[in-house]
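Protein sequence lines, in the order shown, are assigned to chains A and B.
Under my numbering, think of the first position of the first sequence as 1204, with each following residue one higher.
Under my numbering, think of the first position of the second sequence as 1152, with each following residue one higher.
See structure below.
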Amino acid sequence: MSASVKLVPVQDAYDDLLRRTLSKIPCNLGRLIYLASTRDYNSGAYHHEGLAARFHEDAARKALEVAHRQVFHLVAAISLEDLVSELDVYLKSSHESPEEVVRTWQKLEPYRIAVPTEVNATIARLFISNLRLALAILRFRQEPNPSRP
Amino acid sequence: MTGAYGALFVGALLLFLILLWLRANLAQRDDLSNHQALLSHECENLEACPQEFVSRIFEAEDLKFISRFESPHLQNFFRRERNAVALLWVQETTTAIRGIMHQHLETSRRSKDLHVATEAKIFAQYAQLRFLCGILFVSIGLVGPQKLRGVALYAQELTQQLGHAQLELDSAR
């Protein structure tokens, strides 16, 4: 009884998060970065002001956690070609110079914080590895090379 | 005399393969050892790597994509990265099957009605899996994960079977 009472607000909060926020972000990689940014670096707890105000704080936290894990698995499972396209869309949607973002991401690897806690170590490593490769491909494409068509 | 030459040839071939393997794996070992601590720390509550991801790690689609750029640098980078991920998966699988077998031995020690045939079957599966993991560990650096997809998927299926068998035995005893 108590479990079903608790599950409904989490589902409602999750649906609300998808409808109001995540659907407005143009790619899964962007959704992943956004969801990771709602997690506190020190405590690892998720927080979203609007969602917590509309639903219970715990329901909002759980909805963010579930959404983060789901989107992470979606991004980690895609092919390298699709990830390059995702990264391309993400870079175009950020209001920074794509060349600058690629260089910064290669140096700092900020996407490491996008990995949810308690995720399988191989999946986490695959995600990081694929992002490194996708960044190297975009950098390769950005570099001027007269011999390339 | 021919036998001695044969033995020498086999010995030299083995030595060559070991040296080749050591060379291929040296760079990946550093990367792998960084993940060892994480792996051993998390192994108790480790979420198993789903088949979808094992298939992704070992398939050739990404290699074909990277080959289109005709850049040796990108291809080498891809090989290093993908080999490291594949080796981590092998290490994770080895840890998982060791854990299952350890749990099984504990259950068997407490059990009063051991079935020799069931025990022999579980041990045979365990030995087969350890052998497959050993083969994968050596071969990933030599031929690349893309040529070992079938073996990896078979090892994953066998690990799941072993885990289920152990769970069934545990609940029955």
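We treat Cβ as the ideally placed atom computed from N, Cα and C, and that holds for glycine.
The structure displayed is predicted, hence computed values, not measured ones.
Using a beta-carbon distance below 9 angstroms, is residue i in contact with chain B?
i                : result
F1343 of chain A : yes
N1231 of chain A : no
L1225 of chain A : no
I1354 of chain A : Here chain A comprises residues numbered 1204 to 1352, so residue 1354 of chain A is not present and cannot be evaluated.
L1238 of chain A : no
R1335 of chain A : yes
With DSSP as the reference, label residue i as helix, strand or coil.
i                : result
R1242 of chain A : strand
A1199 of chain B : coil
I1228 of chain A : coil
D1264 of chain B : coil
V1213 of chain A : helix
R1212 of chain B : Reading off the sequence shown, one finds Glu at residue 1212 of chain B, where the question assumed Arg. Here E1212 of chain B sits in helix by DSSP.
R1219 of chain B : coil
Q1307 of chain B : helix
E1321 of chain A : coil
From residue i to residue j, what distance separates their C-alpha atoms?
i                : j                : result
P1347 of chain A : L1159 of chain B : 54 angstroms
A1268 of chain B : A1323 of chain B : 16 angstroms
E1321 of chain A : Q1273 of chain A : 13 angstroms
S1262 of chain B : I1273 of chain B : 15 angstroms
L1298 of chain B : E1203 of chain B : Inspection of the sequence shows that residue 1298 of chain B is occupied by Lys rather than by Leu. Their Cα atoms are separated by approximately 17 angstroms.
L1238 of chain A : L1304 of chain B : 32 angstroms
A1275 of chain B : R1306 of chain A : 51 angstroms
H1271 of chain A : L1235 of chain A : 6 angstroms
T1241 of chain A : G1250 of chain B : 35 angstroms
N1231 of chain A : R1223 of chain A : 15 angstroms
L1283 of chain A : F1258 of chain A : 37 angstroms
H1253 of chain B : A1306 of chain B : 18 angstroms
Could you tell me the boundaries of the alpha helix (DSSP H) in which residue i lies?
i                : result
K1298 of chain B : Here K1298 of chain B belongs to no alpha helix (DSSP H), and DSSP marks it neither H nor E.
V1269 of chain A : 1260-1280
P1223 of chain B : 1223-1261
K1295 of chain A : 1283-1296
E1203 of chain B : 1202-1209
T1307 of chain A : 1301-1311
A1337 of chain A : 1324-1345
G1247 of chain A : No alpha helix (DSSP H) holds G1247 of chain A; DSSP gives it neither H nor E.
Measure from the C-beta of residue i to each C-beta in chain A and report whether the shortest distance is under 9 angstroms.
i                : result
A1235 of chain B : yes
I1251 of chain B : no
A1158 of chain B : no
C1200 of chain B : yes
S1218 of chain B : no
E1243 of chain B : yes
F1229 of chain B : yes
E1151 of chain B : Residue 1151 of chain B lies beyond the stretch modelled for chain B, which goes from 1152 to 1324, so this question has no answer here.
L1299 of chain B : no
L1283 of chain B : no
Should residue i be counted as a contact of the ligand FMN given a C-beta to heavy atom distance under 8 angstroms?
i                : result
F1209 of chain B : No copy of the ligand FMN occurs in the structure displayed, which carries no ligand at all.
Item to check | Contacting positions in the segment 1304-1321 of chain B - beta carbon closer than 8 angstroms to chain A | outcome: none
Next on the checklist: So if I threshold CB-CB distances at 8 angstroms, which residues from the segment 1260-1283 of chain A count as touching chain B?
Outcome noted: A1279, A1280, S1282, L1283
Item to check | Selection of the segment 1266-1277 of chain B by Cβ proximity to chain A, strictly under 9 angstroms | outcome: none
Checklist entry - Taking Cβ-Cβ distances below 7 angstroms as the criterion, which residues of the segment 1311-1333 of chain A are in contact with chain B? => result E1321, V1322, N1323, A1324, T1325, I1326, R1328, L1329, S1332
Next on the checklist: To be precise: take each residue of the segment 1201-1213 of chain B, compare its Cβ to all Cβ atoms of chain A, and keep it if any distance is under 7 angstroms. Which residues remain?
Outcome noted: E1203, F1204, R1207, I1208, E1212, D1213
Checklist entry - Which residues, in order along the segment 1285-1297 of chain B, keep a beta-carbon less than 9 angstroms from a beta-carbon of chain A? => result none
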